[in-house]
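Worksheet: the structure to be examined is printed underneath.
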Amino acid sequence: MDKALIEENRKRLLAEQKRLRSILGFDAVVDGASEFPGEFKPRFPEFGGKDDENANEMAAYETNLAVTSDLEGKLAKVEAALNRIEDGSYGKCKHGDEIESERLIAVPEADTCIKHSV
Ligand SMILES: [Zn+2]
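Mind the numbering: the sequence shown is residues 0 to 117 in the numbering used here, read in order.
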């Protein structure tokens, strides 16, 4: 495994982690997962009390939920990749192969080689 590539990807993953956490509404400071207990709860938007306003609130909330779920999935992959860098297993496919460098450059959080990516 190329040390320089791992270091480069560590920086990219940390930047991505910070970006995703900030979009999700986490504090921008990212030192320690214990600061963020439990799951992120999407804000329930308050547009007003009328029926049409309530319907709009519900639609916006559902959009928030879907977006939040996507972002949380991505954040989990990024954080899992950072953990693999820490424990030395980064760059290994979960089926045992080495992940190709070009794949890690394209997808720093990849946990499978190209063959096992589909
Ligand atoms: Zn593989």
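In this text, a Cβ means the ideal position worked out from N, Cα and C, and glycines have one as well.
The Cβ-Cβ distance between Arg102 and Ile113 falls below 7 Å. In chain order, the residues positioned with their C-beta nearer than 6 Å to some heavy atom of ligand 1 are Cys92, His94, Asp96, Thr111, Cys112, Lys114 and His115. When rounded, the separation of the alpha-carbon atoms in Asp51 and Asn63 is 18 Å. Residue range Lys2 to Ile22 is occupied by the alpha helix (DSSP H) that includes Ile5. Counting of Cβ neighbours within 10 angstroms places Ala109 among the buried residues, the total reaching 16 or more.
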